[in-house]
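Letter 157 of the sequence shown, counting from 1, is numbered 156 in numbering that gives the first Met the number 0, and no numbers are missing.
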Amino acid sequence: MQRNIYLLGAPGAGKGTQAQLLSERFGIPQLSTGEMLRSARLEGTELGNRVASVMDAGGLVSDEIVIDLVEQRLQRPDHQGGVILDGFPRTIPQAKALDALFLRKGRSPLVVVAVDVPSDEIHRRLSGRRWCVRCKKTYHVTDNPPGESCESGGVCQLDVRSDDKPDAIGRRLVAYAEQTLPLIAYYQAKGVFHSVSGTGKIADIFASLLVVLS
Ligand code: AMP
Numbered sequence: 000m001q002r003n004i005y006l007l008g009a010p011g012a013g014k015g016t017q018a019q020l021l022s023e024r025f026g027i028p029q030l031s032t033g034e035m036l037r038s039a040r041l042e043g044t045e046l047g048n049r050v051a052s053v054m055d056a057g058g059l060v061s062d063e064i065v066i067d068l069v070e071q072r073l074q075r076p077d078h079q080g081g082v083i084l085d086g087f088p089r090t091i092p093q094a095k096a097l098d099a100l101f102l103r104k105g106r107s108p109l110v111v112v113a114v115d116v117p118s119d120e121i122h123r124r125l126s127g128r129r130w131c132v133r134c135k136k137t138y139h140v141t142d143n144p145p146g147e148s149c150e151s152g153g154v155c156q157l158d159v160r161s162d163d164k165p166d167a168i169g170r171r172l173v174a175y176a177e178q179t180l181p182l183i184a185y186y187q188a189k190g191v192f193h194s195v196s197g198t199g200k201i202a203d204i205f206a207s208l209l210v211v212l213s
């Protein structure tokens with residue numbers, strides 16, 4: 000059975016963490032457009048350079064660019080058993096393009112689960128989020144500080160992701176409210192929408208997700 004799952008939620012809702020757990024549980028890959036774009040930037044590709052300023056400002060990259068990335072990635076053989084979508088689709092045109100792509104490729108319908116986190120908690124999570132420029136892992140100053148040693152040797156060297164700076168956080172949350180929240184009604188109308196609470200322990204949120212997906 001092909002399982003196609005889409006985790007919808009605000010930046011900082013914990014979609015990436017839960018997508019990774021689901022990916023391990025079901026043995027299907029996580030497809031994160033944010034990660035793909037960050038990798039392109041780190042590799043200094045033409046695409047990476049093109050999207051850098053929009054990402055740093057907390058804006059959304061154009062629909063054409065992300066749809067193209069997803070279409071290419073879904074063609075990989077290891078994506079034929081299903082996929083966990085994290086951070087895509089983020090706009091109605093992206094959702095429509097994904098529907099058309101799924102239809103064309105004969106993929107099983109998407110199951111959508113929103114990870115709900117109140118906005119004051121989202122602000123707290125994003126403003127305390129850090130990443131290590133050496134091992135590239137994400138941490139939080141109080142909820143999840145790095146251990147004594149960095150996986151790449153020595154100690155972690157923490158920095159704030161450019162899109163986690165205060166102005167960019169504000170813009171990302173506006174983009175979420177204006178462009179991504181309308182997807183809830185879109186998927187409700189299709190009868191494929193579910194939601195779980197995204198506050199509390201990671202393991203408890205994961206357990207709620209498994210109940211919804213069972
Ligand atoms: P994320 O890691 O999912 O929060 O994504 C980081 C940044 O990548 C976002 O703030 C956007 O600039 C860009 N991005 C990721 N996914 C998308 C998408 N589906 N549509 C437009 N921009 C995206």
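The beta carbon of each residue, even a glycine, is placed where N, CA and C say it ideally should be.
Reference residue i; option with closest CA among the options
i	options	result
ALA12	SER151, THR90, GLU42, ASP85	ASP85
SER196	GLN1, SER148, LEU7, ASN3	LEU7
GLN1	ARG49, SER52, GLY81, SER61	GLY81
LEU41	VAL60, ILE83, LYS135, LEU212	LYS135
LEU218	LEU36, THR179, MET54	Lying before the first or after the last residue shown, residue 218 is absent from the chain, which here runs from 0 to 213.
PHE205	LEU157, ASP115, GLU63	ASP115
ASP62	ARG24, THR198, ALA94	ALA94
Cβ-based burial, residue i [other Cβ within 10 Å; buried from 16]
i	result
ARG128	buried
LYS104	exposed
ARG171	buried
ALA167	buried
GLY15	buried
ALA184	exposed
PRO117	exposed
GLN71	exposed
Assigned secondary structure, residue i (DSSP; H/G/I helix, E/B strand, else coil)
i	result
ASP142	coil
SER118	helix
ALA113	strand
Cβ-Cβ separation, residue j to residue i (assumed contact under 8 Å), whole Å
i	j	result
LEU97	PRO88	5 Å
ARG124	HIS139	7 Å
LEU182	ILE91	7 Å
GLY47	ALA39	4 Å
Residue i Cβ short of 7 Å to the ligand GTP heavy atom set
i	result
LEU6	The ligand GTP is not part of the structure shown, which contains the ligand AMP as its ligands.
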